[in-house]
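Visitor: Residue numbers for the sequence shown follow UniProt numbering, beginning at 1 and rising by one.
Backbone N, C-alpha and C fix where the C-beta goes; we use that ideal spot for every residue, glycine too.
This structure is a prediction, so every number in the text was calculated from the model and none was measured.
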Amino acid sequence: MAFNAFSGAAGQDFSDLLRSTPQQARPRGVAAAAAAGFSAEELENVTGPERRWSWVEIDLSAIRHNVQIAKRRLSPGCRLMAVVKANAYGHGAVQVARTALSAGAVQLAVATVNEGIQLRRAGIDAPILVLSEPPASSIPLLLHHDLMPSVYTTEFAIAYGELADRAGVRAPYHLAVNTGMNRIGVRFDEVLEFIHSISFHRALEQVGTFTHFATADCAETLDFNMQLRRFKETVAAMRSAGIDPGLVHCANSAAILRYPETHMDMARLGISMYGFHPCPETRGYFDLRPAMSVHARITAVNTPPMSEGVSYGMNYRSTGSVKICAIPVGYADGYPRALSSRTSVIYAGHLCRQVGNICMDQCMFEVDLRSHGTHRRLDPHVGDEVLLVGSQNGAAVSIEDLCDVVGTIPHELCCALSLRMPKVYLR
Ligand SMILES: *Cc1c(COP(=O)(O)O)cnc(C)c1O
Numbered sequence: 001m002a003f004n005a006f007s008g009a010a011g012q013d014f015s016d017l018l019r020s021t022p023q024q025a026r027p028r029g030v031a032a033a034a035a036a037g038f039s040a041e042e043l044e045n046v047t048g049p050e051r052r053w054s055w056v057e058i059d060l061s062a063i064r065h066n067v068q069i070a071k072r073r074l075s076p077g078c079r080l081m082a083v084v085k086a087n088a089y090g091h092g093a094v095q096v097a098r099t100a101l102s103a104g105a106v107q108l109a110v111a112t113v114n115e116g117i118q119l120r121r122a123g124i125d126a127p128i129l130v131l132s133e134p135p136a137s138s139i140p141l142l143l144h145h146d147l148m149p150s151v152y153t154t155e156f157a158i159a160y161g162e163l164a165d166r167a168g169v170r171a172p173y174h175l176a177v178n179t180g181m182n183r184i185g186v187r188f189d190e191v192l193e194f195i196h197s198i199s200f201h202r203a204l205e206q207v208g209t210f211t212h213f214a215t216a217d218c219a220e221t222l223d224f225n226m227q228l229r230r231f232k233e234t235v236a237a238m239r240s241a242g243i244d245p246g247l248v249h250c251a252n253s254a255a256i257l258r259y260p261e262t263h264m265d266m267a268r269l270g271i272s273m274y275g276f277h278p279c280p281e282t283r284g285y286f287d288l289r290p291a292m293s294v295h296a297r298i299t300a301v302n303t304p305p306m307s308e309g310v311s312y313g314m315n316y317r318s319t320g321s322v323k324i325c326a327i328p329v330g331y332a333d334g335y336p337r338a339l340s341s342r343t344s345v346i347y348a349g350h351l352c353r354q355v356g357n358i359c360m361d362q363c364m365f366e367v368d369l370r371s372h373g374t375h376r377r378l379d380p381h382v383g384d385e386v387l388l389v390g391s392q393n394g395a396a397v398s399i400e401d402l403c404d405v406v407g408t409i410p411h412e413l414c415c416a417l418s419l420r421m422p423k424v425y426l427r
């Protein structure tokens, strides 16, 4: 029986009306896929940037370089842990983890159990620390995939030890100490009591002890010094009570670069591995290279008459001597709407103003048609490449530039920019 969308509820048949439209018989959806006859391989070969003209480029040689900068800065004997949580701050967890390990990192840190499993499934067998205590219901996954949890509640610790014991494996963990950030961890002055309350459990093995600084990137050092002092005293107290703290670590990127006294048995490198300075104080001292750039191709070129508006709300009006180019990057791609008319893109080595409200999936920029000085008149065409973040011919737009406009930090913008755009890796 032929499908007939025009059959009414009363059984009336309007198929006469459709007899002349051959589309009626055309297969749709899943059936169409079979009818078209393209092989799975052919379809797979259409890369991300060929499916939509926007992509994020990740330069893995920059990651390698940044890891080496950090390694050179670390005190002798201090191991490097690469923090690859949140899909490596948007850069791609598996690719970054492999690169960091090959450049000298020896351990990895993630935020969630699933992030750890993703690395294991990719065949990565370096030690992996989950930076917070996951729900006890996830313990079978931790044990199965050899992921170390951070621990700071007795309930979790005992459940972890018991399940490991039953499975006949050990239960390694890092103790998280709250030295003043007041996010997670056992409060520094309750650590001995905590350890004694779980120490009866034979499967539990404390292989690390760590804390996290709230202000290592701040100009003011009072709170930082207080946290550092509390951490050192806690570790010393553990040692004098005969407790082995395992690998002792506290430094994040800011502390790695600024405070060598925080380089203990291990240090956790996050944002600076991706090429960003944790604070203005480290600029000029370390040659960090951002690994991420953002690219698109022009999808449409318009020449609106003078005073016609562009995009939702028409906050921008054409001067009549501009071309308006559309690119397929919007706020759903992590290009914040708050940047609207407050940033530039790079076209043919020139900064061009982004104009009009940034839409969910697209935005527009302006190419001035009046020639200025010695500059050749720009002549944009559909398919031409545009840089939203990166540098070309001395024109540059950095993630930090965008952060300054919208009031955020590179961590957040990098995560957002990787949510939908495909990633292309340079080695
Ligand atoms: C995210 C995180 C880091 C990495 O911090 P950066 O400032 O990005 O270097 C280190 N330690 C913990 C506990 C974290 O959550």
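From the DSSP output, which residues share a beta bridge with A395?
Guide: Q392
Visitor: List in chain order: all unbroken alpha helix (DSSP H) runs of 4+ residues lying wholly within the region 197–246.
Guide: 222–240
Visitor: Could you tell me which residues DSSP puts in a beta bridge with E268?
Guide: According to the sequence as given, residue 268 is Arg; it is not Glu. In the DSSP output, where bridge partners are listed per residue, R268 has M81.
Visitor: Alpha carbon to alpha carbon, how far is R376 from T303? Give it in angstroms, no decimals.
Guide: 19 Å
Visitor: With a threshold of 6 Å on Cβ separation, who are the neighbours of A416 within its own chain once the five nearest residues in sequence on each side are excluded?
Guide: Within its own chain, the residues whose Cβ lies closer than 6 Å to the Cβ of A416, once the five positions on either side in sequence are excluded, are G334, listed in chain order.
Visitor: Under 8 Å, do E133 and V106 count as touching if we go by C-beta distance?
Guide: no
Visitor: Out of curiosity, what's the CA-to-CA distance linking G320 and R337?
Guide: 25 Å
Visitor: If you measure between the beta carbons of S418 and V56, is that distance less than 8 Å?
Guide: yes
Visitor: From the DSSP output, which residues share a beta bridge with K323?
Guide: V367
Visitor: Are the beta-carbon atoms belonging to G92 and V67 less than 8 Å from one another?
Guide: no
Visitor: Could you name the residues of the same chain whose beta carbon sits closer than 6 Å to that of T234, not counting the 5 residues immediately before and after it, in chain order?
Guide: The answer, listed in chain order, is V177, F188 and V191.
Visitor: Going by C-alpha distance, which of F365, A82, L378 and A348 is nearest R342?
Guide: F365
Visitor: Terminal residues of the continuous alpha helix (DSSP H) containing N114?
Guide: V113 to R121
Visitor: Can you give me the start and stop residues for the beta strand (DSSP E) that V177 sits inside?
Guide: A171 to N178
Visitor: Do S253 and ligand 1 come close, with the Cβ less than 7 Å from some heavy atom?
Guide: yes
Visitor: Looking at the secondary structure, which residues open and close the beta strand (DSSP E) in which residue 467 lies?
Guide: For residue 467 there is no data in the structure shown, the boundaries of the chain being 1 and 427.
Visitor: Measuring only from the beta carbon, is K85 closer than 7 Å to any heavy atom that is part of ligand 1?
Guide: yes
Visitor: Quick check on H144: does DSSP put it in helix, strand or coil?
Guide: Of the three classes helix, strand and coil, the one that applies to H144 here is helix, per DSSP.
Visitor: Please go through the same chain and pick out, in chain order, the residues whose beta-carbon is closer than 8 Å to the beta-carbon of P305, but skip the five residues on each side of it.
Guide: S318 and G320
Visitor: For Q107, which three-state DSSP category applies?
Guide: When secondary structure is reduced to three states using DSSP, Q107 falls in the strand class.
Visitor: Is I184 close to chain C, meaning its C-beta is less than 8 Å from at least one C-beta of that chain?
Guide: Note that chain C does not occur in the displayed structure, where there is just one protein chain.
Visitor: Buried or exposed for S344, please, with buried defined as at least 16 other CB atoms from any protein chain shown within 10 angstroms of its CB.
Guide: buried
Visitor: Taking all protein chains shown into account, do 16 or more other C-beta atoms lie within 10 angstroms of the C-beta of E44, making it buried, or fewer, making it exposed?
Guide: exposed
Visitor: For E385, does the three-state DSSP call read helix, strand or coil?
Guide: strand
Visitor: So for M1, helix, strand or coil by DSSP?
Guide: Note that M1 scores 37 on pLDDT, short of 50, meaning its location in the model is unreliable; the coordinates nonetheless yield the value given after this. It is coil, neither helix nor strand.
Visitor: Mind checking which residues open and close the alpha helix (DSSP H) that includes Q95?
Guide: A93 to S102
Visitor: So Y425 and P380 are supposed to be a Cβ contact under 8 Å. How far apart are they, rounded?
Guide: No, Y425 and P380 are not in contact; Cβ-Cβ is about 28 Å, not under 8 Å.
Visitor: By a C-beta neighbour count over all protein chains shown, 10 Å radius and 16 as the cutoff for buried, is L222 buried or exposed?
Guide: exposed
Visitor: Judging by CA-CA distance, which residue of R52, A32 and A40 is the nearest neighbour of E385?
Guide: R52
Visitor: Take the Cβ of D287 as the centre, count every other Cβ of all protein chains shown within 10 Å, and call the residue buried at 16 or more, exposed below.
Guide: By the 16-neighbour rule on beta-carbons within 10 angstroms, D287 is exposed.
Visitor: Going by beta carbon distance, what residues of the same chain come within less than 8 Å of H350, once the five residues before and after it are set aside?
Guide: If we look at H350 and ignore the five residues flanking it on each side, its Cβ neighbours are H375, L378, N393 and A395.
Visitor: Under 7 Å from any heavy atom of ligand 1, does the C-beta of H212 make it?
Guide: Distances between the C-beta of H212 and the heavy atoms of ligand 1 include at least one below 7 Å.
Visitor: Over what stretch of residues does the alpha helix (DSSP H) that includes D379 continue unbroken?
Guide: No alpha helix (DSSP H) holds D379; DSSP gives it neither H nor E.
Visitor: Would you kindly work out how many angstroms separate the C-alpha atoms of A100 and R64, rounded to a whole number?
Guide: Distance between the alpha carbons of A100 and R64 is about 6 Å.
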